[in-house]
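Heads up: the first sequence begins at 10 in this note's numbering, then just goes up one per residue.
Comments concern the structure below.
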Amino acid sequence: MEITNILKQSILAALKDMNISATESEVLIEYPADPTHGDFASNVAMTLFGRLKRESGAGFQFTTPREFALTVTDNLNNQKIREVSTIAVAGPGFINFTISDAFLLSKMGLIIQNRGNVVEQFGNGKKIVAEYSSPNIAKPFTVGHLRSTIIGDSLANIFESCGYTVFRDNHLGDWGTQFGKQIYAIKTWGDEAQIEAAENPVKELVKLYVKFHEEAEKDPSIEDQGRAWFKKLEKGDAEARRLWEKCINWSWKEFEKIYTVLNVSFTENNGRGYGESFFEDKMGAVIAELKDKGILQESKGAQLVFFPEDKYPPLMILKNDGSTLYSTRDLATDKFRLEKYGSDIVIFNEVGSEQSLYFQQLFEIENMLGWYKDGQRVHVGHGLIRFADKKMSTRKGNVIWLEDVLSEAYSRVETMSKELETDSIWKIAVGALKWNDLKRKMNLPMVFDWDELTNIKGNSGPYMQYTFVRCLSVLNKAQNEVFQSFSAEEKSLKSELENDNILNTIILHYDTLLNSKSYLNHKLNKDEKDVLRNLNKYSDIVKSSALEFAPHHIANYLYELAQSFNTFYANHKIITEDSKATDLRLLLVVAVAYTIQHGLGLLGIRTVEKM
RNA sequence: GCACCCAUAGCUCAGUUGGAUAGAGCGUUUGUUUGCGGAACAAAAGGUCAUGCGUUCGAAUCGCAUUGGGUGCACCA
10 MEITNILKQS
20 ILAALKDMNI
30 SATESEVLIE
40 YPADPTHGDF
50 ASNVAMTLFG
60 RLKRESGAGF
70 QFTTPREFAL
80 TVTDNLNNQK
90 IREVSTIAVA
100 GPGFINFTIS
110 DAFLLSKMGL
120 IIQNRGNVVE
130 QFGNGKKIVA
140 EYSSPNIAKP
150 FTVGHLRSTI
160 IGDSLANIFE
170 SCGYTVFRDN
180 HLGDWGTQFG
190 KQIYAIKTWG
200 DEAQIEAAEN
210 PVKELVKLYV
220 KFHEEAEKDP
230 SIEDQGRAWF
240 KKLEKGDAEA
250 RRLWEKCINW
260 SWKEFEKIYT
270 VLNVSFTENN
280 GRGYGESFFE
290 DKMGAVIAEL
300 KDKGILQESK
310 GAQLVFFPED
320 KYPPLMILKN
330 DGSTLYSTRD
340 LATDKFRLEK
350 YGSDIVIFNE
360 VGSEQSLYFQ
370 QLFEIENMLG
380 WYKDGQRVHV
390 GHGLIRFADK
400 KMSTRKGNVI
410 WLEDVLSEAY
420 SRVETMSKEL
430 ETDSIWKIAV
440 GALKWNDLKR
450 KMNLPMVFDW
460 DELTNIKGNS
470 GPYMQYTFVR
480 CLSVLNKAQN
490 EVFQSFSAEE
500 KSLKSELEND
510 NILNTIILHY
520 DTLLNSKSYL
530 NHKLNKDEKD
540 VLRNLNKYSD
550 IVKSSALEFA
560 PHHIANYLYE
570 LAQSFNTFYA
580 NHKIITEDSK
590 ATDLRLLLVV
600 AVAYTIQHGL
610 GLLGIRTVEK
620 M
């Protein structure tokens with residue numbers, strides 16, 4: 010049982026003993042901001058005081074919340090909670106708990122034994138469809154898609170780590186009238202062989218697309234040509250189909266490069282995700298169902314859904330020429346998911362927050378149709394990206410290609426650190442990008458500032474990577490200088506793992522120590538205790554990140570952990586002649602390293618061993 | 001016009017769901033290495049939590065109003 014839960018239950022027991030009824034939600038356990046107040050605190054005495062006084066009127070036995078808290082504390086002390094060393098009442102009636110060193114140390118042992126994975130498994134296999142990234146075929150993969158990719162992937166990782174079953178889907182924009190325009194443009198001004206051979210075929214396609222719109226301004230009849238080609242595509246015309254498929258393949262060539270560098274992948278439809286075109290033949294049934302249930306209404310020749318009491322503006326489902334829209338395909342998508350994964354799923358769409366009204370409308374319709382209940386559909390909206398550096402700012406027709414962002418990040422890391430392998434540079438560069446996206450609440454607009462992004466100091470991706478590298482460095486030294494006394498068994502295991510990361514070999518030496526539990530008797534100093542207090546929070550933090558769809562809690566937490574660790578690292582020698590301190594402190598380093606590695610993994614950031 | 005989001009240190013942001021003296025990073029100033037990685041650590045300066053009223057033991061957090069910014073609102077996605 011989690012320590013917070015132990016404390017909660019103890020308080021509930023104490024209240025029951027005092028003949029006071031209270032619900033679980035009325036008893037909150039929090040981490041005090043100021044460590045001198047203890048490791049945990051509860052404000053039950055103050056929150057309950059008002060209600061109890063009202064209920065029992067003049068007969069209430071306590072005159073102040075503090076007096077009430079003192080009585081609760083007496084009762085708690087009688088319970089002799091094993092994990093708690095002291096309980097004290099402070100201020101207006103806070104009950105402060107101080108956790109015993111032995112408890113913190115045993116948690117540390119647990120972290121090491123589980124290789125950092127101590128996340129509470131509350132998901133129970135519940136199914137989640139994670140839709141993210143969703144770039145458009147034949148369009149640039151922009152920094153906007155980058156945000157969706159990074160945040161969506163991280164959320165998927167987090168849910169998976171909590172025991173959910175996650176389906177990772179990529180809702181590619183591979184259908185729509187723009188493909189008619191694209192095909193017309195390729196046929197009129199393009200050269201397939203040249204596109205094929207181009208370094209980045211998508212760039213050529215975008216040039217042609219821009220050309221189409223320039224020409225269409227001069228001669229509007231070109232628009233009709235584009236529409237005609239889309240009609241052909243819809244009817245399965247061989248030439249239209251062939252060029253459309255070419256567009257997809259050219260785009261995927263680019264996407265695959267990007268996803269590989271980002272280390273992001275999808276599970277659905279053989280790793281490509283179900284694009285909009287997949288639902289081309291599934292929209293009829295949806296429209297029939299909407300009509301059947303009387304939800305669709307005609308207005309100005311188009312078919313739309315009007316909401317009760319004008320809760321939202323109406324949403325169009327069919328255009329006046331009978332053709333479908335984004336909304337039609339989304340409804341078909343969610344109906345398909347209902348059939349494929351079951352009715353008890355949760356779906357989240359990681360899409361820019363500018364679409365939040367649209368998603369409210371969509372969810373409302375799905376609710377009206379009886380497909381999904383409240384809470385099953387979630388729009389995880391990220392804020393827009395602004396550019397601090399004017400040179401990178403979007404001007405008319407001047408998009409920011411992710412390709413350029415990635416190579417810029419790469420070269421900045423490359424110039425900062427000499428003699429690094431390409432692979433490590435990518436890990437650090439991508440880690441910096443991801444950290445920058447994940448360290449703050451996602452709903453607010455983000456300023457894309459190169460200098461902050463690639464800053465290696467302070468709250469940054471490289472800072473985290475660096476902290477991890479220092480951990481490995483000290484463990485490496487310990488392995489060489491301290492542990493000459495490996496047993497034969499350990500030695501053979503060690504040689505098997507020779508090429509593995511030091512974290513996995515150092516652990517061998519500690520199996521005996523961990524089992525003997527002698528480290529539990531260590532008296533912690535302030536810096537050690539700070540680190541262990543932070544380590545103890547990890548599971549709680551991951552849980553609330555999942556429940557709130559908020560990866561930034563994990564980033565903030567890891568940063569605090571790293572700060573407390575670096576303070577400890579600067580103030581105390583880890584490898585000393587006193588083997589007791591050495592053993593304890595090395596275990597602490599191992600636990601920190603595992604936690605950082607695991608936490609960064611949830612953010613989709615890979616660690617490096619040197620930098 | 002209507003709806004949603006936002007306003008916290010010079011800048012970029014946290015703030016554990018209403019708690020104790022509002023915290024970090026960047027930038028500025030100063031200090032720390034005969035120590036396991038100085039990409040670090042310690043310290044100083046910097047605040048009317050946009051404004052006003054309200055709710056209560058207690059408000060950056062909840063409610064109402066005002067101001068200022070962002071986004072969206074019928075044939076794009």
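No residue lacks a Cβ here, since even glycine has one placed at the ideal position from N, Cα and C.
Closest residue to residue i among the options (Cα-Cα distance)
i: LEU611; options: TYR381, GLY390, GLY125, ASP83; result: GLY125
i: ASN133; options: PHE112, ALA165, GLY172; result: GLY172
i: GLY185; options: TRP238, GLU223, ILE167, LEU164; result: TRP238
i: SER260; options: SER143, LYS538, GLU307; result: SER143
i: THR13; options: VAL617, ILE550, TYR578; result: ILE550
i: SER573; options: ALA555, ASP592, GLU586, ALA602; result: ALA602
i: ASP183; options: TYR367, GLU205, GLU254; result: GLU254
i: VAL270; options: ASP339, LEU155, GLN364; result: LEU155
i: ASN145; options: LYS526, VAL211, SER482; result: VAL211
i: MET292; options: GLU201, SER336, ASP319, GLY118; result: SER336
i: LYS320; options: LEU181, PHE372, ILE356, PHE477; result: PHE372
i: VAL617; options: SER157, LEU429, LEU523, TYR568; result: LEU429
i: GLU92; options: ALA571, LEU596, ASN545; result: ASN545
i: ILE90; options: ALA22, ILE29, CYS256, SER30; result: ALA22
i: LEU447; options: GLN364, VAL138, ASN86, LEU164; result: LEU164
i: LEU415; options: ILE437, MET425, SER426; result: ILE437
i: HIS180; options: LEU340, MET27, GLU11; result: LEU340
i: ALA54; options: GLY47, ALA42, THR45, MET27; result: MET27
Alpha carbon of residue i to alpha carbon of residue j, nearest angstrom
i: HIS391; j: PHE558; result: 11 Å
i: ASP539; j: ALA600; result: 13 Å
i: ARG404; j: GLN187; result: Low local confidence applies: a pLDDT of 41 at ARG404 is under 50, so the model's placement there is unreliable, and no value is given.
i: PHE287; j: GLY280; result: 14 Å
i: SER402; j: HIS561; result: Note that SER402 scores 44 on pLDDT, short of 50, meaning its location in the model is unreliable and no value can be drawn from it.
i: SER19; j: ASN376; result: 41 Å
i: VAL98; j: GLN369; result: 47 Å
i: ILE38; j: PHE49; result: 7 Å
i: GLY406; j: VAL215; result: In this predicted model, GLY406 has a pLDDT of only 48, less than 50, meaning its place in the structure is not dependable enough to derive any value.
i: LYS382; j: VAL128; result: 28 Å
i: ARG338; j: ILE137; result: 20 Å
i: ASP228; j: LYS240; result: 20 Å
i: VAL152; j: ILE267; result: 12 Å
i: TYR475; j: GLU232; result: 55 Å
i: GLU307; j: PHE168; result: 41 Å
i: ILE257; j: ALA31; result: 60 Å
Neighbour-count burial assignment, residue i, 16 or more Cβ in a 10 Å radius
i: LYS116; result: buried
i: PRO74; result: buried
i: PRO471; result: buried
i: ASN452; result: exposed
i: SER469; result: buried
i: PRO149; result: buried
i: PHE264; result: buried
i: GLU140; result: buried
i: ARG395; result: exposed
Same chain, Cβ closer than 8 Å to residue i, five either side skipped, listed in chain order
i: ASN166; result: GLY610, LEU611, LEU612, GLY613
i: LEU242; result: PHE188, GLY189, ILE192, ALA249, ARG250, TRP253
Cross-strand partners of residue i (DSSP beta bridge)
i: PHE176; result: VAL138
i: TRP253; result: Answer is none; TRP253 lacks a bridge partner.
i: ASN358; result: GLU140, HIS388
i: ARG395; result: VAL456
i: GLN312; result: GLU307, LEU327
i: PHE106; result: PHE49, ILE96
i: GLY621; result: There is simply no residue 621 to check, as the chain begins at 10 and stops at 620 in what is shown.
Nonlocal neighbours in the same chain, by C-beta distance under 6 Å from residue i, ignoring five residues either side
i: LEU299; result: LEU305
i: PHE71; result: PHE77
i: ILE583; result: VAL483, ARG594
i: MET455; result: GLY392, ILE394
Own chain residues within Cβ distance below 7 Å of residue i, not counting five before or after
i: ASN629; result: Residue 629 lies beyond the range of the chain shown here (10 to 620); nothing can be said about it.
i: SER553; result: HIS562
i: ALA194; result: LEU217, TYR218, LYS220, PHE221
i: GLU289; result: TRP184
i: GLN234; result: TYR193
i: LEU347; result: TRP380
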